[in-house]
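Working notes for the structure below.
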DNA sequence: CGTCTATTTGAATGTACTCAAAAGCGGTGG
DNA sequence: CCACCGCTTTTGAGTACATTCAAATAGACG
């Protein structure tokens, strides 16, 4: 399924065969069972991962042991602890598979090499970061201005596919509410 | 003070004289009094603004008229309603000066032209978007895992200069709490 | 089938909100 | 120059939304 990843990239930049094969050579592919940790907090965050199939989530565990889901990544999404990946800091988050998943990983060294060798990728990653930024900013905006119920409905409308692949408990931890409270909310009409 | 903006860019990419002068020619400079609207919701978001001096903030106003501060921008920061700027959508946010400010503005057309003419700027904006993304993601993480008081202390530690330039009411609306409640919190040791 | 986790339900609690009012502070005009 | 006006900040009482804890029910997986 390397097709998926190159198709993802071709949405934004045009690559020739040589560039494609260089890119492929810098990636490693893994198929992982459900509930496998891809990254553990305090470890070195070595990889940026593209989800070819399955689903992953990143989450933060605070001192009291409470989990906050930072993001979900289903097919065709990229995921990592971006701050720690880019700045070579020990990871703040955990990342785990929610179901059996196939991912392609780009190490930090290969990321640097790729940008050096094919500057066109600057554009690709600029657009990726731009989309990630505007998505997070919208999330902050909704967290500040909507009620828990409205946020839940907005999530379901925006990410119907994710809703099918993750548990309500995980959605609650993404929305910043308890599973008990989520369960009292009116179900949105999809 | 165009020095400031070129210095900001030189932190990440090296420009020759020709590129610098092209860049300068694509910018327009404005000095605005306190409480001036730079962008109004529903308008076309035409500009990305670099703050040379002063302070701006972007905020969202919901149906009930409640304001949520999305971001502050003091000297050397860039600000816009990024989603609407990039996607040519009517603005969701307002942006206003908090004090007398001097800003440099890059229109969307000039942004496209700049990236076309000097691809090195892809790298600059990749890094800008990257920083913005990781900053917002950390904010989401803190919103989900910290109490209001901890978020306030974290804000004061992270942005001491912003604290000097904005009101407590504005900080409250950034943190997602009421000014009354902020006022009951223990003052952090700076 | 049995075990483990997710989901739901309910009661008691707490955190943060609304509303009201007083105090503080800064800017402006007489 | 200073008195007034408007906005910010603080304080307090009452309230609402969301939490914790406990327990029952439902679902998924080996």
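Residue numbers (the working numbering), protein chains in the order written: chain A, 61 to 250; chain B, 61 to 250. Here a beta-carbon is modelled for each residue, glycine too, at the ideal position from N, C-alpha and C. These numbers come from a predicted model, not from an experiment.
| message | Cβ closer than 9 Å: which chain B residues qualify as neighbours of residue 130 of chain A? | response | On the first chain, residue 130 of chain A is found 70 positions in, with the first residue counted as 1. What residue 130 of chain A touches in chain B: 197, 200, 201, 204.
| said: When you compare the CB of residue 183 of chain A with every CB in chain B, is at least one pair closer than 8 Å? | reply: Numbered from 1 along the first chain, position 123 holds the residue referred to as residue 183 of chain A. Yes - at least one Cβ of chain B is within 8 Å of the one on residue 183 of chain A.
| Where in the region 146–208 of chain A do unbroken runs of the beta strand (DSSP E), each at least 3 residues long, occur, reported from the N-terminal end onward? | Fully enclosed beta strand (DSSP E) runs of 3 or longer: 154–157, 161–167.
| Per-residue DSSP class, three states only, for residue 89 of chain A | Along the first chain, read from residue 1 onward, the residue named residue 89 of chain A stands at position 29. In this structure, residue 89 of chain A counts as strand in the three-state DSSP scheme.
| message | Is residue 190 of chain B close to chain A? Criterion is C-beta to C-beta, closer than 8 Å. | response | For the purposes of this step, residue 190 of chain B is taken as residue 130 along the second chain, with counting starting at 1. Closer than 8 Å to some Cβ of chain A, the Cβ of residue 190 of chain B qualifies, so yes.
| request: In angstroms with no decimal places, state the Cα-to-Cα distance between residue 196 of chain A and residue 185 of chain B. | output: Here the question's residue 196 of chain A lines up with position 136 in the first chain. Here the question's residue 185 of chain B lines up with position 125 in the second chain. For residue 196 of chain A and residue 185 of chain B, the distance between alpha carbons rounds to 17 Å.
| is_contact[residue 242 of chain A, chain B] using C-beta, thresh 8 Å | Along the first chain, one-based indexing puts residue 242 of chain A at 182. So, not an interface residue.
| Neighbouring residues, chain B, relative to residue 117 of chain A (Cβ below 9 Å) | In the first chain, counting from the first residue as 1, residue 117 of chain A sits at position 57. Neighbours of residue 117 of chain A on chain B: none; closest Cβ ~13 Å, over 9 Å.
| query | What first and last residue would you give for the alpha helix (DSSP H) that runs through residue 244 of chain B? | reply | For the purposes of this step, residue 244 of chain B is taken as the residue at position 184 of the second chain. Residues 239–244.
| request: Using three-state DSSP, classify residue 127 of chain B as helix, strand or coil. | output: Taking the first residue of the second chain as 1, we reach residue 127 of chain B at position 67. Three-state DSSP puts residue 127 of chain B in a strand.
| task | Note down, in chain order, every chain A residue with its Cβ under 7 Å from the Cβ of residue 122 of chain B. | result | The residue labelled residue 122 of chain B in the question sits at position 62 within the second chain. 205, listed in chain order.
| Nearest candidate by alpha-carbon position, reference residue 153 of chain B, set A:194, A:69, A:99 | Looking up residue 153 of chain B in the second chain gives position 93. Nearest C-alpha to residue 153 of chain B: A:194.
| request: Would you mind stating whether residue 133 of chain B and residue 226 of chain B have Cβ atoms separated by less than 8 Å? | output: Walking along the second chain from the start, residue 133 of chain B turns up at place 73. Walking along the second chain from the start, residue 226 of chain B turns up at place 166. For residue 133 of chain B and residue 226 of chain B, no; Cβs fall outside 8 Å.
| query | Measuring CA to CA, which of B:68, B:156, B:113 is closest to residue 230 of chain B? | reply | By 1-based counting over the second chain, the position of residue 230 of chain B is 170. If we check each option's Cα against that of residue 230 of chain B, B:156 comes out closest.
| message | On a Cα-Cα basis, can you pick out the residue from A:220, A:149, A:160 that is closest to residue 107 of chain A? | response | Counting from one through the first chain, the residue named residue 107 of chain A turns up at place 47. Sorting A:220, A:149, A:160 by C-alpha distance to the C-alpha of residue 107 of chain A places A:149 at the top.
| Cβ of residue 65 of chain B within 8 Å of Cβ of residue 180 of chain B? | The count along the second chain starts at 1 and reaches residue 65 of chain B at position 5. The count along the second chain starts at 1 and reaches residue 180 of chain B at position 120. No. Outside cutoff.
| message | What does the alpha-carbon distance come out to for the pair residue 222 of chain B and residue 207 of chain B? | response | For this step, residue 222 of chain B is matched to residue 162 along the second chain. For this step, residue 207 of chain B is matched to residue 147 along the second chain. Those two C-alpha atoms are separated by around 21 Å.
| field | Test: residue 143 of chain A CB closer than 8 Å to a CB of chain B | value | Position 83 of the first chain, counted from the first residue, corresponds to residue 143 of chain A. So yes, residue 143 of chain A belongs to the interface.
| request: My understanding is that residue 164 of chain B touches residue 81 of chain B, with C-beta atoms under 8 Å, so please give their C-beta distance in whole angstroms. | output: Taking the second chain and counting its residues from 1, the one referred to as residue 164 of chain B is at position 104. Taking the second chain and counting its residues from 1, the one referred to as residue 81 of chain B is at position 21. At roughly 14 Å, the Cβ-Cβ gap does not stay under 8 Å, so residue 164 of chain B and residue 81 of chain B are not in contact.
| What three-state label does DSSP hand residue 77 of chain B in the structure shown? | Residue 77 of chain B sits at position 17 when you count from the first residue of the second chain. In the structure shown, residue 77 of chain B sits in a helix (DSSP, three-state: H, G or I).
| message | Give me the residue from B:137, B:228, B:199 with the minimum Cα distance to residue 214 of chain B. | response | Translated into the one-based positions of the second chain, residue 214 of chain B becomes position 154. It is B:199 whose Cα lies nearest to the Cα of residue 214 of chain B.
| Under 8 Å between C-beta atoms, does residue 114 of chain A make it to chain B? | What you label residue 114 of chain A is simply residue 54 of the first chain in a count that begins at 1. Closer than 8 Å: no.
| Distance CB(residue 90 of chain A)-CB(residue 160 of chain A) smaller than 8 Å | As a position in the first chain, residue 90 of chain A is number 30, starting the count at 1. As a position in the first chain, residue 160 of chain A is number 100, starting the count at 1. No, the pair does not count as a contact, with Cβ atoms beyond the cut-off.
| task | Please report the residue range of the beta strand (DSSP E) in which residue 106 of chain B lies. | result | On the second chain, residue 106 of chain B is found 46 positions in, with the first residue counted as 1. Run containing residue 106 of chain B: none; DSSP gives neither H nor E here.
| Leaving out five residues before and five after residue 129 of chain B in sequence, what residues of the same chain have Cβ atoms less than 7 Å from its Cβ? | Indexing the second chain from 1 puts residue 129 of chain B at position 69. Cβ within range, chain order: 117, 119, 230, 233, 234.
| query | What residues from chain B crowd round residue 179 of chain A, counting only those whose CB sits closer than 7 Å? | reply | The residue labelled residue 179 of chain A in the question sits at position 119 within the first chain. Within 7 Å Cβ-Cβ: 179.
| residue 174 of chain B versus residue 146 of chain B: straight-line alpha-carbon distance, rounded | Here residue 174 of chain B refers to the residue found at position 114 when the second chain is read from its first residue. Here residue 146 of chain B refers to the residue found at position 86 when the second chain is read from its first residue. If you take the alpha carbons of residue 174 of chain B and residue 146 of chain B, they lie about 14 Å apart.
| said: Using a Cβ-Cβ distance cut-off of 8 Å, determine whether residue 224 of chain B contacts chain A. | reply: Taking the second chain and counting its residues from 1, the one referred to as residue 224 of chain B is at position 164. By this cut-off, residue 224 of chain B is not an interface position.
| Through-space distance from residue 101 of chain A to residue 202 of chain B, alpha-carbon basis | By 1-based counting over the second chain, the position of residue 202 of chain B is 142. By 1-based counting over the first chain, the position of residue 101 of chain A is 41. Rounded to whole angstroms, residue 202 of chain B to residue 101 of chain A spans 16 Å at the Cα level.
| field | Backbone secondary structure at residue 121 of chain B - three-state DSSP | value | The sequence position of residue 121 of chain B within the second chain is 61, counting from 1. DSSP places residue 121 of chain B in strand when its eight states are reduced to three.
| request: For the beta strand (DSSP E) containing residue 98 of chain A, list its first residue and its last residue. | output: Counting from one through the first chain, the residue named residue 98 of chain A turns up at place 38. Here the beta strand (DSSP E) through residue 98 of chain A covers 97–99.
| From residue 75 of chain A to residue 92 of chain A, what distance separates their C-alpha atoms? | Within the first chain, numbered from 1, the residue matching residue 75 of chain A stands at position 15. Within the first chain, numbered from 1, the residue matching residue 92 of chain A stands at position 32. Taking the straight line from one Cα to the other gives about 29 Å.
| message | Rounding to the nearest angstrom, what Cα-Cα distance links residue 140 of chain A and residue 109 of chain A in this structure? | response | Locating residue 140 of chain A in the first chain gives position 80, where the first residue counts as 1. Locating residue 109 of chain A in the first chain gives position 49, where the first residue counts as 1. Roughly 6 Å separates the two Cα atoms.
| In terms of residues, what are the limits of the alpha helix (DSSP H) holding residue 253 of chain A? | Because chain A in this structure spans residues 61 to 250, residue 253 of chain A falls outside the shown range and cannot be described.
| task | Rounded to whole angstroms, what's the CA-CA distance from residue 166 of chain B to residue 224 of chain B? Just pull it up for me. | result | Along the second chain, one-based indexing puts residue 166 of chain B at 106. Along the second chain, one-based indexing puts residue 224 of chain B at 164. One C-alpha to the other measures close to 28 Å.
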